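Following full-length UniProt numbering, the numbering of the sequence shown begins with 1 at its first residue and continues without gaps.
Here a beta-carbon is modelled for each residue, glycine too, at the ideal position from N, C-alpha and C.
For clarity, every value in this text was computed on a predicted model and none was experimentally measured.
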Amino acid sequence: CFREYFVHKFRAMLGKNRVIFPGEKVLLALSGGPASSAMLRQVQEGLSRETAKRLRFVPGLIYVDEGAVRGQSAAQREQSLARMKTLLQATGFPYHLAHLEQALELPASILRPGLGGSGEPGPSYKEAVEGFIQQQRQEGDGDGGTSLPGLGTRDTPAGPLAAPHLPAAAQTRELLRLFEAVETPTAREELLQMLRTHLILQTARTRGYAKVMTGESCTRVAVKLLTNLALGRGAFLAVDT
Numbered sequence: 001c002f003r004e005y006f007v008h009k010f011r012a013m014l015g016k017n018r019v020i021f022p023g024e025k026v027l028l029a030l031s032g033g034p035a036s037s038a039m040l041r042q043v044q045e046g047l048s049r050e051t052a053k054r055l056r057f058v059p060g061l062i063y064v065d066e067g068a069v070r071g072q073s074a075a076q077r078e079q080s081l082a083r084m085k086t087l088l089q090a091t092g093f094p095y096h097l098a099h100l101e102q103a104l105e106l107p108a109s110i111l112r113p114g115l116g117g118s119g120e121p122g123p124s125y126k127e128a129v130e131g132f133i134q135q136q137r138q139e140g141d142g143d144g145g146t147s148l149p150g151l152g153t154r155d156t157p158a159g160p161l162a163a164p165h166l167p168a169a170a171q172t173r174e175l176l177r178l179f180e181a182v183e184t185p186t187a188r189e190e191l192l193q194m195l196r197t198h199l200i201l202q203t204a205r206t207r208g209y210a211k212v213m214t215g216e217s218c219t220r221v222a223v224k225l226l227t228n229l230a231l232g233r234g235a236f237l238a239v240d241t
């Protein structure tokens, strides 16, 4: 009963809120933890042909390597990256592997609103649904079946898995110096979240993803809300919910 209720709430949330339009590319941020793994599983089941009401967006995956600030050695980071690369490739979705060090090279434009804030009117949700269904029918007439466009591993090299490459040692040292300059654990965690978020957003923008989906638990949301309240950021609580 719990599993059926969980699946129903996940799909009902996407259907009722109408935040994601049909055919849009959505980037799923994965850490390998239970929350993001559950999110990935729900998306996989929602895209299966056996599902009555299939999800209509095109997913992609991203994993951010944070081993440098988590106290992992180079060998441990390479092992973690190799395991995650195998798991991501097994999904059949396009995937991206990023290192936290890359956040230090992001352009200043990452702090500006995306294309969605330009104020130009976009198509209605109903028009997007009708266009997506029409596209699916046209593809179905050609091959006798239906499939989501864009699925595959176009964003990743084909062939056998290559050994993951870590950033240059100078970049890692620069990142560690940045975190060592932060005095409190709360500030370090906030810095980590900010760098991670900006790196994911930049990847989404450069790769053509319209939305980003993260796995958030009630506990994590509660911690974020209470932390922001304690830091005097109550006016921005709506952004975090």
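Counting every other CB atom within 10 Å of its CB across the protein chains shown gives Thr203 a total of 16 or more, marking it as buried. Glu189 and Val43 have their C-alpha atoms spaced approximately 28 Å apart. Contact annotation, Glu24 with Phe57: C-beta distance approximately 5 Å; criterion of less than 8 Å satisfied. Closest option to Val221, judged by alpha-carbon separation, among Ala210, Val239, Ala235 and Gly232: Val239.
Nearest to Ser48 by C-alpha distance, out of Thr91, Leu229, Ala168 and Leu176, is Thr91.
Within the same chain, Cβ atoms closer than 8 Å to the Cβ of Asn228 are found at Gly234, Phe236, Leu237 and Asp240, the five residues on either side in sequence being excluded. In the displayed model, Lys53 falls within coil according to three-state DSSP, outside both helix and strand. CA-CA distance, Lys9 to Glu174, rounds to 43 Å. The bridge partners DSSP lists for Gly60 are Leu27.
DSSP places Thr214 in the uninterrupted beta strand (DSSP E) bounded by Lys211 to Thr214.
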